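Below: one structure, written as structure tokens.
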Amino acid sequence: GRRRVVRAERHSGGLALALDLEDLADGVAIGDSIAVAGCCLTAATLEGSVVTFHLMDESLGLTTFGAVAEGDQRNVERSLRVGDRLGGHFVSGHVDGLGTVASVDVLHEGQTDLTLEVPDELAQLVVPKGSITIDGVSLTLSAIDGSRTTVSLIPHTLEVTTLGTLGVGDPVHLEMDMIGKWVR
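Numbering (my numbering), first residue to last: 431 to 614.
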């Protein structure tokens, strides 16, 4: 779910990013991997429910974290543990690149279509009815049209993730279908 950025401090070589994980902080230890907006980050410090991550300049150049500010919301998910039930798609937390929101269309009360412009090098990895991870939220593709990819969102997804706040032109982290990448 969404969690709040409590600190984003630039320093030479990168960024210290602190998020209040609230209930998701239970059992977190320093060194754990946590997906923040779909990007696998390592917990560096822990103070109560606030976890700090250190991002290097290389990571900042490949993600939207360079523009993050205190008070922003980011999707957060803990790593899968061996033996956990699998109720969704396989996601590694390694961002393949950035996409851009091309349109947000409310079709009716139960469905909002989010269409993304996907860079050419990633568009070739799009798998019909496969998955795509947008800012850490893994979704099934509903339509593909060249470099444009559409997912259909239910109200619950819009409410509990940052996808409900996206507008045309916003950049998003993309991770393409893992099995599709392996096959390719």
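All residues carry an ideal CB built from backbone N, CA and C; glycine is no exception.
Note that the structure is a prediction, hence the values are computed from the model and not measured.
Locate the beta strand (DSSP E) running through L476, then write down its first and last residues.
Counted from its first residue, the sequence shown places residue 476 at position 46. Here the beta strand (DSSP E) through L476 covers 469–477.
Beta-carbon gap between G560 and G610 smaller than 7 Å:
For the purposes of this step, residue 560 is taken as the residue at position 130 of the sequence shown. For the purposes of this step, residue 610 is taken as the residue at position 180 of the sequence shown. Yes, the Cβ-Cβ distance between G560 and G610 is below 7 Å.
I'd like the list of long-range same chain contacts for A499, defined as Cβ closer than 8 Å, with 5 residues on each side in sequence excluded.
Taking the first residue of the sequence shown as 1, we reach residue 499 at position 69. The answer, listed in chain order, is V435, A438.
Considering E390, what are the terminal residues of the alpha helix (DSSP H) in which it resides?
Coverage of the chain is limited to positions 431 through 614, which leaves residue 390 absent and any answer about it impossible.
Within 10 angstroms of its Cβ, does C536 collect 16 or more other Cβ (buried), or is it exposed?
On the sequence shown, residue 536 is found 106 positions in, with the first residue counted as 1. Going by the sequence as given, residue 536 is Val instead of Cys. It is exposed - the Cβ of V536 has fewer than 16 other Cβ atoms within 10 Å.
So, under 8 Å CB-CB, T592 and Q503 are touching, yes? Tell me the CB distance rounded to an integer number of Å.
Residue mapping note: residue 592 aligns to position 162 of the sequence shown, counting from 1. Residue mapping note: residue 503 aligns to position 73 of the sequence shown, counting from 1. Contact holds; Cβ gap of about 5 Å.
Between the alpha carbons of L588 and D487, how many angstroms are there, rounded?
Your numbering for residue 588 matches position 158 in the sequence shown. Your numbering for residue 487 matches position 57 in the sequence shown. Straight-line Cα distance between these residues: approximately 31 Å.
CA nearest to the CA of G468, picked from L476, L569, P558:
Translated into the one-based positions of the sequence shown, residue 468 becomes position 38. Among L476, L569, P558, the Cα nearest to that of G468 belongs to L569.
Alpha-carbon to alpha-carbon, R433 and E452
Taking the sequence shown and counting its residues from 1, one reaches residue 452 at position 22. Taking the sequence shown and counting its residues from 1, one reaches residue 433 at position 3. Near 8 Å, if we compare the C-alpha coordinates of R433 and E452.
In chain order, which alpha helix (DSSP H) runs of at least 4 residues are fully inside the segment 497–563?
550–553
Please state the DSSP three-state secondary structure of D600.
In the sequence shown, the residue the question calls residue 600 occupies position 170. Correct three-state label for D600: coil.
What does DSSP give as the partner residues of I464 in its beta bridges?
Here residue 464 is taken as the residue at index 34 of the sequence shown, counted from 1. Partner(s): L471, R508.
Rounded distance between the beta-carbons of V458 and V481, thought under 8 Å
Locating residue 481 in the sequence shown gives position 51, counting from the first residue. Locating residue 458 in the sequence shown gives position 28, counting from the first residue. 6 Å between Cβ atoms; contact.
May I ask you to list the residues that DSSP assigns as paired with F483?
Here residue 483 refers to the residue found at position 53 when the sequence shown is read from its first residue. Beta-bridge pairing links F483 to L447, A473.
Grab the span of the alpha helix (DSSP H) containing V613 for me, first residue to last.
The count along the sequence shown starts at 1 and reaches residue 613 at position 183. Unbroken alpha helix (DSSP H) run through V613: 608–613.
Bridge partners - S568, DSSP secondary structure assignment
Within the sequence shown, the letter at position 138 stands for residue 568. Beta-bridge pairing links S568 to T563.
L552 vs I562 beta-carbon contact at 7 Å:
Residue numbering aside, residue 552 sits at position 122 when the sequence shown is read from its first letter. Residue numbering aside, residue 562 sits at position 132 when the sequence shown is read from its first letter. No.
Euclidean distance between Cα positions of L476 and D575
As a first step, residue 476 is located in the sequence shown; it is residue number 46 there, counting from the start. As a first step, residue 575 is located in the sequence shown; it is residue number 145 there, counting from the start. One C-alpha to the other measures close to 44 Å.
Determine the closest residue to G540 out of L583, G529, L555, with distance taken between C-alpha atoms.
Taking the sequence shown and counting its residues from 1, the one referred to as residue 540 is at position 110. For G540, the nearest C-alpha among the options comes from L583.
Looking at the unbroken beta strand (DSSP E) that takes in A455, where does it start and where does it end?
Sequence index remark: in the sequence shown, residue 455 carries index 25 (1-based). From DSSP, A455 is part of no beta strand (DSSP E); its letter is neither H nor E.
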